[in-house]
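Q: From first to last, the protein sequence lines are chains Z and X.
When the letters of the first sequence are read in order and numbered with UniProt numbering, they come out as residues 1 to 405.
When the letters of the second sequence are read in order and numbered with UniProt numbering, they come out as residues 1 to 405.
2 protein chains.
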Amino acid sequence: MKIIKAKKILNFENAFKILQDKAIAFEKTIIQIDDFEKLKNKYKNATIIDCSNDIIAPGFINTHTHLEFSSNKTSLVYGDFLKWVESIVKSRDNLSKEANDKLIEKTIKSMMKSGVCTIGEISSFGIDLEICANSQARIVFFNEILGASDKICDDNWDKFIKRFNASVKYKNDKFIPAISVHSPYSTHPILTKKACEFAKNNSLLMSAHFLESNHEKIWLTKGSGGFKKWLLNFNKNLEPMYNIDSFLKYFKDIKTLFTHCVYVDDFSKFDKKMHSITHCAFSNRLLSKKTLNLKKLILSGIKLNIGTDGLSSNISLNFFDELRANLLIHDSFDLHKLAEILWISSTINAANALNLNSGLISVGRLADIAVYENLKCEDSELLLQLILQTKEAKKLFIGGDECSF
Amino acid sequence: MKIIKAKKILNFENAFKILQDKAIAFEKTIIQIDDFEKLKNKYKNATIIDCSNDIIAPGFINTHTHLEFSSNKTSLVYGDFLKWVESIVKSRDNLSKEANDKLIEKTIKSMMKSGVCTIGEISSFGIDLEICANSQARIVFFNEILGASDKICDDNWDKFIKRFNASVKYKNDKFIPAISVHSPYSTHPILTKKACEFAKNNSLLMSAHFLESNHEKIWLTKGSGGFKKWLLNFNKNLEPMYNIDSFLKYFKDIKTLFTHCVYVDDFSKFDKKMHSITHCAFSNRLLSKKTLNLKKLILSGIKLNIGTDGLSSNISLNFFDELRANLLIHDSFDLHKLAEILWISSTINAANALNLNSGLISVGRLADIAVYENLKCEDSELLLQLILQTKEAKKLFIGGDECSF
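#1: Do you know offhand how far residue 39 of chain X's Cα is from residue 308 of chain X's?
#2: Note down, one range per segment and in chain order, each beta strand (DSSP E) of at least 3 residues found wholly within the region 334–380 of chain Z.
#3: Residues in its own chain within less than 7 Å of residue 96 of chain X by CB, not counting five upstream and five downstream?
#4: Select from X:132, X:317, X:148 and X:298 the residue whose C-alpha is nearest the C-alpha of residue 142 of chain X.
#5: Along the chain, which unbroken stretches of the alpha helix (DSSP H) at least 4 residues long are found entirely within the region 254–331 of chain Z?
#6: Looking at the unbroken beta strand (DSSP E) that takes in residue 19 of chain X, where does it start and where does it end?
#7: Within the same chain, show all residues whose beta-carbon is closer than 6 Å to that of residue 78 of chain X, passing over the 5 residues directly before and after it, in chain order.
#8: Can you list, in chain order, the residues of its chain with a C-beta nearer than 6 Å to that of residue 83 of chain Z? Leave out the 5 residues immediately preceding and following it.
#9: Just grab the DSSP bridge partners of residue 50 of chain X for me.
#10: Below 9 Å on C-beta distance, what does residue 365 of chain Z contact in chain X?
#11: Given a cut-off of 8 Å on the beta-carbon distance, is the pair residue 56 of chain X and residue 6 of chain X in contact?
#12: Where does residue 71 of chain Z sit, in a helix, a strand or coil, going by DSSP?
#13: Nearest by alpha-carbon distance to residue 37 of chain X: which of X:27, X:282 and X:3 is it?
#14: What would DSSP say about residue 14 of chain X, mapped onto helix, strand or coil?
#15: Report the rounded CA-to-CA distance for residue 171 of chain Z versus residue 153 of chain Z, giving the unit in angstroms.
#16: Counting only beta-carbon separations shorter than 8 Å, does residue 92 of chain Z have a partner in chain X?
#17: What residues from the region 308–322 of chain Z come within 9 Å of chain X, judged by C-beta to C-beta, listed N to C?
#18: Going by DSSP, what residue range makes up the alpha helix (DSSP H) through residue 106 of chain X?
#19: Going along chain X in order, which residues have a C-beta closer than 7 Å to the C-beta of residue 79 of chain Z?
#20: State the start and end residues of the unbroken alpha helix (DSSP H) segment that holds residue 117 of chain Z.
#21: On the three-pair Cβ rule with 8 Å, is the region 151–166 of chain Z touching the region 318–336 of chain Z?
#22: For a contact defined as C-beta to C-beta under 7 Å, what are the partners of residue 401 of chain Z on chain X?
#23: Return the first residue and the last residue of the alpha helix (DSSP H) that residue 192 of chain Z is part of.
#24: Looking at residue 348 of chain X: is its Cβ nearer than 8 Å to the Cβ of residue 12 of chain X?
#25: Per DSSP, which residues does residue 140 of chain X bridge with? Please list them.
#26: DSSP has residue 34 of chain X in a bridge; who is on the other side?
#27: Based on DSSP bridge pairs, tell me the residues matched to residue 208 of chain Z.
#28: Out of X:51, X:240, X:137 and X:385, which one is the CA nearest neighbour of residue 21 of chain X?
#29: Would DSSP call residue 97 of chain X helix, strand or coil?
#30: Using DSSP with H/G/I as helix, E/B as strand and the rest coil, what is residue 66 of chain X?
#31: Here's the rule: buried if 16 or more other CB atoms are within 10 angstroms of the residue's CB, otherwise exposed. What is residue 105 of chain X?
#32: How big is the Cα-Cα spacing for residue 93 of chain X and residue 372 of chain X?
#33: For the ligand FMN, I want to know if residue 62 of chain X counts as a neighbour, meaning its beta carbon is within less than 7 Å of at least one of the ligand's heavy atoms.
#34: Assuming residue 354 of chain Z contacts residue 140 of chain Z (C-beta within less than 8 Å), just tell me the rounded distance between them.
#35: Could you work out which residue in X:300, X:290, X:295 and X:260 is closest to residue 270 of chain X when comparing CA atoms only?
#36: By DSSP, does residue 396 of chain X sit in helix, in strand, or in coil?
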């Protein structure tokens, strides 16, 4: 048992609240939240952690990363999604080679330093499996499947199952195997169907890149544009494999994180209970030529969560950097209202999206807890100022264990 | 004489160009740009600086800062301009006390580290005079005048002249006294008229905050809104002292930097030869509820320059942080096109706005030169990647002298 004293505890249950000068007793989960003296008397053998000048918040959940691209700095071309994809194809092998275990571990730690307890990792090749499975961080490990030609479906499915089973060997409450369907322009319906059925039968989380670029939208809605030319490289069948509705249909009744959705016009096509939108603002700026319509999304009632994407389309995986980028990109939003939306999206909303019992400082929840330096400001300014001023967490607990960065 | 070898020299003369593997011979100004061997043979006693793996660019010009507010971190309230002004009035004395010479010097150095050679400093109180005058940086020192009541005009003018004369004592080619009229809501026309005449008679640069907030616009165009209530504290005369046109009229034929202009609808009201717009994107996000209409501004032909504003409304004065913020805020712009606009606005445009013979790597120009680490990317990606990836300059020369950070 541990007891941590805090100046302020940020809570997002029902509405945003700040608990002043309280303490939390926790093991793997949060046992009790009360006055420090009460907890100390009740749990006499507990280890005391004095953060009585600091702020405690639920650890962030970064729902979308690509750790296998962690070595990229300037190899990829930004500004247009197709040019970027071409540069990915050109540089993929080199970038993968450079992304060794040491670099991936360093990248995970750099995220944890910024308050991230859980990472939703999209694994394209599986080279990140062991390091993720052995990480201090909580990882939802999305094994990715793709392949646009019907001729390679069987082969790709076999390879996918092999990779998926390899990930299942590591399964525990901190490492959760899941499935990613790459996208409607890259994944044949045979594979999508099989993957979705497999997910349903095994109660697995899913993820899919969806409507990230203008090219993808033109391709899916009109069957034309730059994508048509590019897809010739992989597939002679020059008709889109889906339209917007037919792709989404596969994910009916499956808990799925749809990533990007920059070109979604109608969010009512998603299922409020099962689907959520993963927003990667910095990545979208570098690749997508458009910004997620956050106002429309919020009005639709579909829940938002926040990802940094990988270093293949971001300059930093520090989660506060991503939140700051969100403050700038969504510049028509009221600053304080947006700060609250971002905090909620990065904690409780993301936990709900990933079926995790974390994301709140609340009795019974997982003790995934971040400690930040307190800031001298009014409580009404605190969520905003934390995003503006914080570079790193002072401490991080995942499942009750203190992390070392 | 010094000779510096470079891998790439970025030049913005007429069009953007990159000189490959060249060298620059310079003293206070740039003497010659040519092959290294040629320069070495010609200037036999020159000190050689080998940056043959690095990039050279004209040093940045940060046209708008408030160093006297350098101690702020979380004291001020963001999200609404009037609430921010109220928090400034409340915290001004404390913040000023904390902004001692040491802190101001540290702040200037932090800017220089990010490649800034010249700073346009708006001095409200004069506490930054000596440290600016003795700085390694090139400083245009805008002595600020304000006062909304006609009763205090004489007194404020006398104080202003005293402060201005004190700054003139330090005048040299690296410290240029100038004038700032605070804003149309805070500066009585008697003072504006006197200041503008004084500037004209003495060929001085001017600066003015202009149409920064919705409150200011409503006040100037309708004589109503939140500003009316707030101005009661200072002035019983509850009519705006200007409309948009009558304020601008005072600055006819005077070289002036109008700062913010977020609520300007018609940029043709400015004089292309004499006026420029200073854009402080991060500051605007925190205070102004709107973003500068950069597309309209560029179409108007009025030139843009870039300022960080002070730490009173920014979280970093690192110039690359501000450029990155611009990339995010102006998210409808083509990324590469915007990167070029930002570089030009931060160098040659700003030099023109401030009547400085810097801003270009060109023979006869001041040797205000920044050295950056080279990045492995196509030349067509370089301006963008430098903004995305650069945290600090490797070296900085101002008027030919190498700076120590």
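All residues carry an ideal CB built from backbone N, CA and C; glycine is no exception.
A: The short version:
#1: 37 Å
#2: 369–373
#3: 68, 125 and 127
#4: X:132
#5: 281–287, 294–300 and 319–329
#6: 17–26
#7: 286
#8: 77
#9: X:5
#10: Within chain X, no residue comes near residue 365 of chain Z; the closest Cβ sits about 29 Å away, beyond 9 Å.
#11: yes
#12: coil
#13: X:3
#14: coil
#15: 26 Å
#16: no
#17: 315
#18: 101–113
#19: 334, 335 and 336
#20: Careful: residue 117 of chain Z lies outside any alpha helix (DSSP H), inside the beta strand (DSSP E) at 116–123.
#21: no
#22: Simply none; closest approach about 31 Å.
#23: 189–201
#24: yes
#25: X:120 and X:176
#26: X:23
#27: Z:181 and Z:258
#28: X:51
#29: helix
#30: coil
#31: buried
#32: 39 Å
#33: As presented, the structure is devoid of all ligands, the ligand FMN included, so that no description of it is given.
#34: 5 Å
#35: X:300
#36: strand
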